[in-house]
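J.:
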Amino acid sequence: MAKHVLEGKTKGYKNHPQLARFKASFEPNETINQYLAEIYNEANNRNYHFNKEKINWNFTTRKLTVTTKQLDYEVKHLLNKLQKRSRERYNELNGEKTFDTHPLFELIEGDMEQWEKLPGT
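Just so we're aligned, residue 1 is where the sequence shown starts under our numbering, counting upward by one.
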């Protein structure tokens, strides 16, 4: 759906906060295709189905930044979901000290993103 939003093919979710990072990139459509290409590769590694036809494979690779505090927040958010949905996976990841980012992202020191909507705010 994020790809359709960036391509102007949907009316909903146009202002979803997570899309801000893609909208701010030099080429949002190329960036989302690069992001999805990695999702496709990971899905294949896990034997999940992901329709590769939804990806325009003619993209130029680039990097986006993600801050340390944003990554920390997203890891905590993931662990909270896993604790409810997949106790086994939660137990595997809960003790991890570091997490790799998606290959699109370069980790930099910094606070949470301005666009992040925190519970209760």
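The beta carbon of each residue, even a glycine, is placed where N, CA and C say it ideally should be.
(1) Whose C-alpha, out of 75, 27, 118 and 115, is nearest the C-alpha of residue 63?
(2) Which first and last residues belong to the alpha helix (DSSP H) in which residue 55 is found?
(3) Suppose you measure from the CA of residue 114 to the CA of residue 102; what does that come to, to the nearest Å?
(4) On the DSSP letters alone, give me the boundaries of the beta strand (DSSP E) that residue 105 sits inside.
(5) Using 6 Å as the cut-off, classify the Cβ of residue 92 as near or not near the heavy atoms of the ligand FMN, replying yes or no.
(6) Would you tell me roughly how many angstroms separate the C-alpha atoms of residue 18 and residue 116, rounded to the nearest one?
(7) Using three-state DSSP, classify residue 31 as helix, strand or coil.
(8) In the DSSP assignment, what are the bridge partners of residue 67?
T.: Quick answer:
(1) The residue you call residue 63 lines up with position 63 of the sequence shown. Taking only the C-alpha atoms, the option nearest residue 63 is 27.
(2) Residue 55 sits at position 55 when you count from the first residue of the sequence shown. First-last for residue 55: undefined, no H or E at that position.
(3) For the purposes of this step, residue 114 is taken as the residue at position 114 of the sequence shown. For the purposes of this step, residue 102 is taken as the residue at position 102 of the sequence shown. For residue 114 and residue 102, the distance between alpha carbons rounds to 20 Å.
(4) Stepping through the sequence shown from its first residue, residue 105 is reached at position 105. First-last of the beta strand (DSSP E) with residue 105: 105–108.
(5) Summarising the ligand content, the structure contains no ligands, and the ligand FMN is consequently not present.
(6) Taking the first residue of the sequence shown as 1, we reach residue 18 at position 18. Taking the first residue of the sequence shown as 1, we reach residue 116 at position 116. Residue 116 has its alpha-carbon roughly 7 Å from the corresponding atom of residue 18.
(7) What you label residue 31 is simply residue 31 of the sequence shown in a count that begins at 1. The answer is helix: DSSP assigns residue 31 an H, G or I state.
(8) In the sequence shown, residue 67 corresponds to position 67, counting from 1. 108, per the DSSP bridge assignment.
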